[in-house]
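Line by line, the protein sequences are chains A and B. Letter by letter, the first sequence follows residues 1 to 85 of the numbering used here. Letter by letter, the second sequence follows residues 1001 to 1447 of the numbering used here. Note that CB positions come from ideal geometry on N, CA and C, so glycine has one too.
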Amino acid sequence: MGRRAVRPGQQTGVAVAEVRAEMVANVWKVVAAEGDHVDDGDTLVILESMKMEIPVLAETQGVVTTMHVAEGDVVQEGDLIAVIS
Amino acid sequence: MFDSVLIANRAEIARRVVRTARRMGIRAVAVYSDADADLPYVREADEAVRLGPAQPAQSYLDAAAVIDAARKTGAVAVHPGYGFLAENADFARQVMAAGLIWIGPDPAAIEQMGDKIRARNLMERAGVPVSPGSREPVADVAAAVAEAGRIGYPVMVKAAAGGGGIGMGAAASPADLRAAFETARSRAERFFGSPAILVERYMERARHVEVQILGLADGRVLALGERDCSVQRRHQKVAEETPSPGVSAGLRERMLAAAVLAGQAVGYRGAGTVECLVDAGTSSFVFLEMNTRLQVEHPVTELVTGIDLVEQQFLIAAGEPPSFDPAAVSSSGHALELRVYAEDPVRFLPRPGQITEWVEPSGEGIRVDAGYQAGNTVTPFYDPLLAKLCAHGADREQALARARQAVAAFDIAGPKTNLPFHAELLSSAEFVAGDYDTSLVSRLRPS
Chain A
1 MGRRAVRPGQ QTGVAVAEVR AEMVANVWKV VAAEGDHVDD GDTLVILESM KMEIPVLAET
61 QGVVTTMHVA EGDVVQEGDL IAVIS
Chain B
1001 MFDSVLIANR AEIARRVVRT ARRMGIRAVA VYSDADADLP YVREADEAVR LGPAQPAQSY
1061 LDAAAVIDAA RKTGAVAVHP GYGFLAENAD FARQVMAAGL IWIGPDPAAI EQMGDKIRAR
1121 NLMERAGVPV SPGSREPVAD VAAAVAEAGR IGYPVMVKAA AGGGGIGMGA AASPADLRAA
1181 FETARSRAER FFGSPAILVE RYMERARHVE VQILGLADGR VLALGERDCS VQRRHQKVAE
1241 ETPSPGVSAG LRERMLAAAV LAGQAVGYRG AGTVECLVDA GTSSFVFLEM NTRLQVEHPV
1301 TELVTGIDLV EQQFLIAAGE PPSFDPAAVS SSGHALELRV YAEDPVRFLP RPGQITEWVE
1361 PSGEGIRVDA GYQAGNTVTP FYDPLLAKLC AHGADREQAL ARARQAVAAF DIAGPKTNLP
1421 FHAELLSSAE FVAGDYDTSL VSRLRPS
């Protein structure tokens, strides 16, 4: 379920993936940090909306180049969460 | 009867309690967070007090702020609704210590039933059937595996202090159990502030059936029929009905008698619900837990019995007899409740957002308990329940037909809702036949 909770952003070039929020939510936990190597399926952040935890997973392997959210932030639908390249 | 009540809750349930209070001439005081200032219940109450910011910890869970609001407005009694502080024994004690009337059971009863392990042991002693399970919290994974070996797989792992299905997981093997235990423990600490875990035998084809009880001011405990709550996603209820199509007259009689025993065992006063699991194969049942407050799905019981349960809560809290004759309770027809959630109808993920259109269905046998209207914003801070759509008919077939029409006529634009799921449910062969269990939704939505 988690994997489908995010939609892949536009891919520019070979392997840059933008991870965006699929719904309005609070950022409960930031699991991955900038510079971390992640594999397809790794948890990047855990959102919380309406008393439900929603893990946001990487859909590609690579390095987290930017993490755009911090714990306690509120994200709107479509907001950028992280970039993996 | 007291002349004023503060409702320590929000949205549909606050609005529902306001309605009965006003009908009885009781002044209704609402409380709200910044996120809820525009909701209908705030306007419909006689008076409303801001509690604080949207975060529940700073508003609806802030016991001192709630009691302060009662003091400022001169409210005499406190109705907690469900969720938030409703099953918090310390809050109940603070309410009473402030000289206010607590509309609920004795705090000791809340405590006894709030800990699932204590409740299970107490019920076993009272003669209520329970599932094989741990009589003490399991401390770690090794203890859980040992306990599961004694009980026999599959098992269910749950937070002893939990509710709402949060942190629950089934395990068919020691490997499954290790994973389920870790999940349950982290959720238990985070959501319920206690890491205590219990392990119970898991019933594979189960119906979730509960009994509405009412502990009267004179000490008698009544059982007002059952509700079938087997339509669930993520262990949370989506639709309920009464009577249960899976409960025979004989089983009903045994369940209602056990629910009365359960209530008597804790000297229960007010409205409460005894939840059970019914084995779909053998027609045996076990105690699951008791909810010591008004239940979300109480309207279906109201529709078939004609009894206003909130009115009885008020009367009992005031020390008065109920409005009906306990010796002449009867049930008429069949009622369904569909929970309308702000979530996508396929994966059931939350979909908060602004409501641009809201048109409720109406008609014979239709009741809508709604928390929102057009122009309101559904925020991510609270549960996704927008409204409860209820249908009553002379029999199940008529109730289903009315529910189908009402679902089609309910028009909500803005946030996605699960109304399309309800349309599917009401036409699925399994639900229509009535021969379903708690895995119905996962069969309709195989992942």
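C-alpha gap between Gln1373(B) and Ala1387(B), whole angstroms: 10 Å
Using beta-carbon positions only, say whether Leu1100(B) and Phe1091(B) come within less than 8 Å of one another. no
Where does Gly1381(B) sit, in a helix, a strand or coil, going by DSSP? According to the sequence provided, residue 1381(B) is Phe. The question's Gly does not apply to it. If DSSP states are grouped into helix, strand and coil, Phe1381(B) belongs with coil.
Starting from Gln1232(B) and walking both ways along the beta strand (DSSP E), at which residues does that stretch end? Val1221 to Arg1233
Coarse secondary structure for Ala1279(B), derived from DSSP in three states: Reading off the sequence, residue 1279(B) comes out as Asp, not Ala. In this structure, Asp1279(B) counts as strand in the three-state DSSP scheme.
Between the C-alpha atoms of Lys1416(B) and Leu1444(B), what's the straight-line distance to the nearest angstrom? 19 Å
Suppose you measure from the CA of Arg1367(B) to the CA of Pro1174(B); what does that come to, to the nearest Å? 47 Å
Interface positions of the segment 40 to 54 of chain A facing chain B (Cβ-Cβ less than 9 Å), listed along the chain: Leu47, Glu48, Ser49, Met50, Lys51, Met52, Glu53 and Ile54
Judging by CA-CA distance, which residue of Gln61(A), Lys51(A), Met67(A) and Val30(A) is the nearest neighbour of Glu1343(B)? Lys51(A)
Top-ranked residue by Cα proximity to Glu34(A), from Val27(A), Val45(A), Gly41(A) and Asp79(A): Val45(A)
Using CA coordinates, which residue listed in Ala1064(B), Pro1361(B) and Gly1365(B) is at the minimum distance from His1334(B)? Gly1365(B)
Within the segment 1022 to 1097 of chain B, ranges of the beta strand (DSSP E) (whole runs, at least 3 residues): 1027 to 1033, 1047 to 1052 and 1077 to 1079
For Glu18(A), tell me which candidate among Gly72(A), Asp73(A), Asn26(A) and His68(A) has the shortest Cα-Cα distance. His68(A)
Tyr1041(B): contacting residues in chain D (beta-carbon distance under 8 Å): No chain D appears in the structure shown, which is made up of the protein chains A and B.
Select from the segment 15 to 32 of chain A all residues with a C-beta closer than 8 Å to any C-beta belonging to chain B, and list them in chain order. Glu22, Met23, Val24, Ala25 and Asn26
Give the interface partners of Gly1353(B) over in chain A, defined as CB-CB distance under 9 Å, in chain order. Met23, Val24 and Glu77
Member of Asp1038(B), Val1359(B), Gln1236(B) and Gly1104(B) whose CA lies at the smallest distance from the CA of Ala1413(B): Val1359(B)
Between the C-alpha atoms of Gly1133(B) and Gly1169(B), what's the straight-line distance to the nearest angstrom? 15 Å
Between which two residues does the alpha helix (DSSP H) containing Gln1295(B) stretch? Neither: Gln1295(B) is in no alpha helix (DSSP H) and is coded neither H nor E.
If contact means a Cβ-Cβ distance below 8 Å, which residues of the segment 1321 to 1350 of chain B contact chain A? Ala1342, Glu1343, Arg1347, Leu1349 and Pro1350
So which residues of chain A does Asp1383(B) contact, with C-beta pairs closer than 8 Å? Met50 and Lys51
How many Å lie between Asp79(A) and Asp1435(B) at the Cα? 44 Å
Spatial neighbours of Leu1061(B) in its chain, beta-carbon cut-off 8 Å, leaving aside the 5 residues before and after: Phe1084 and Leu1085
Length of the line joining the Cα atoms of Asp164(A) and Val27(A): The shown model of chain A, from 1 to 85, leaves out residue 164(A), and the question about it has no answer.
If we define contact as Cβ-Cβ less than 8 Å, is Pro1080(B) a contact residue for chain A? no
Helix, strand or coil: which one does DSSP assign to Ile1110(B)? helix
According to DSSP, residues forming a beta bridge with His1392(B): Ala1335(B)
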